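I have placed the structure first, in the form of structure tokens, so that the comments after it can refer back to it.
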Amino acid sequence: AQSVTQLGSHVSVSEGALVLLRCNYSSSVPPYLFWYVQYPNQGLQLLLKYTTGATLVKGINGFEAEFKKSETSFHLTKPSAHMSDAAEYFCAVTLYNQGGKLIFGQGTELSVKP
Amino acid sequence: GAVVSQHPSRVICKSGTSVKIECRSLDFQATTMFWYRQFPKQSLMLMATSNEGSKATYEQGVEKDKFLINHASLTLSTLTVTSAHPEDSSFYICSARDWQGEETQYFGPGTRLLVL
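Listed below in structure tokens is the structure:
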């Protein structure tokens, strides 16, 4: 069965600094990978996804992630943090034969200091 | 982009009453919708998978008689919390999967349920 691990339940960066949120997965077959962002008391918004093709995926709000099969990773990055990036971030995985059922990581809370 | 709405956004009810939460896909047809529950500072827990025109599939440990799910059309799924109790208080989030099988779920804004 597949699983997702997000390293670090809380990450704090300064405004303008690099954002790196880590996500590792386990899967016996090639996965589909997602990053979602959640602001307080709101639902989840899709940042980006990897299904097939180019392993470097660009998303909204300047975020990108790279699928590295050899490392079973899908880390999320942004070159320069903005105050508005402060939120909870979830990495998720599904397989092509899972009917769309997502398995979520435990989440990483990103804080941005002025 | 794909939009999913939920109604109500917040509900307070007395213990023993039933509460219905609606989830709608506004600009696409969703053959599959999912219902999640989220506790404070925690990840999303999948409760059930709802397929249009068929019975919902519940995850292990979720009481199907307590959390009734109806997926009556390609744009609407409802979750009814029957005989709600304080321990049912939570944030409930739905998501919808595009009917064309795109492997992306679009999430609703969530419903905050407080049972007194």
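Chains as they are written, first to last, in the numbering used here: chain C, 795 to 908; chain D, 62 to 177.
Where is the CB? At the ideal position from N, CA and C, for every residue including glycine.
Please read all numbers here as calculations on a predicted model, not as lab measurements.
Going by DSSP, which residues form a beta bridge with I154/D?
The sequence position of residue 154/D within the second sequence is 93, counting from 1. Its beta-bridge partners are Y97/D.
Helix, strand or coil for N131/D? Go by DSSP, reduced to three states.
The residue you call residue 131/D lines up with position 70 of the second sequence. N131/D: strand per DSSP, three-state reduction.
As assigned by DSSP and simplified to three states, the class of D126/D
Position 65 of the second sequence, counted from the start, is the residue given in the question as residue 126/D. Residue state, collapsed to three classes: coil.
Buried or exposed: A875/C, going by 16 or more other Cβ atoms within 10 Å of its Cβ?
In the first sequence, the residue the question calls residue 875/C occupies position 81. Buried, since its Cβ has 16 or more Cβ neighbours within 10 Å.
Helix, strand or coil: which one does DSSP assign to S878/C?
Position 84 of the first sequence holds residue 878/C. Looking at S878/C - three-state DSSP - the assignment turns out to be helix.
Secondary structure of N855/C, DSSP reduced to three states
What you label residue 855/C is simply residue 61 of the first sequence in a count that begins at 1. It is helical.
Which of helix, strand or coil does DSSP assign to D149/D?
Residue mapping note: residue 149/D aligns to position 88 of the second sequence, counting from 1. It is helical.
Using 8 Å as the cut-off, can you tell me whether the region 809-821 of chain C makes contact with the region 859-867 of chain C, which would need three or more C-beta pairs spanning the two stretches below that distance?
yes
Cut-off 8 Å between Cβ atoms - residues of its own chain near L105/D, not counting five sequence neighbours on either side
Here residue 105/D refers to the residue found at position 44 when the second sequence is read from its first residue. Taken in chain order, the residues that qualify are Y97, R98, Q99, I154.
Three-way DSSP call (helix, strand, coil) for K863/C in this model:
Taking the first residue of the first sequence as position 1, residue 863/C is located at position 69. Note: K863/C maps to helix in three-state DSSP.
Tell whether a beta-carbon distance below 8 Å holds between V176/D and S156/D.
Position 115 of the second sequence, counted from the first residue, corresponds to residue 176/D. Position 95 of the second sequence, counted from the first residue, corresponds to residue 156/D. Result no, Cβ atoms of V176/D and S156/D do not sit closer than 8 Å.
So, at 6 Å on beta carbons, what are the nonlocal neighbours of T139/D in its own chain, with the 5 sequence-adjacent residues on each side left out?
As a first step, residue 139/D must be located in the second sequence, where it is residue number 78. For T139/D, where only same-chain residues beyond five positions count, the Cβ hits under 6 Å are K81, E83, N131.
Could you pull out every residue in the same chain whose Cβ sits closer than 7 Å to the Cβ of D88/D, ignoring the five residues on either side in sequence?
Position 27 of the second sequence, counted from the first residue, corresponds to residue 88/D. Cβ neighbours of D88/D beyond the five flanking positions: A63, V64.
Would L812/C be called buried (16 or more neighbouring beta carbons within 10 Å of its own) or exposed?
In the first sequence, the residue the question calls residue 812/C occupies position 18. Exposed.
Pull out every residue of the region 73-85 of chain D whose Cβ sits closer than 9 Å to any Cβ of chain C, in chain order.
none
At a CB-CB cut-off below 9 Å, which residues of chain D make contact with Y826/C?
On the first sequence, residue 826/C is found 32 positions in, with the first residue counted as 1. Neighbours of Y826/C on chain D, chain order: E164, T165.
Comparing the C-beta of R173/D with each C-beta of chain C, is any distance below 8 Å?
The residue given as residue 173/D occupies position 112 in the second sequence. Interface residue, yes.
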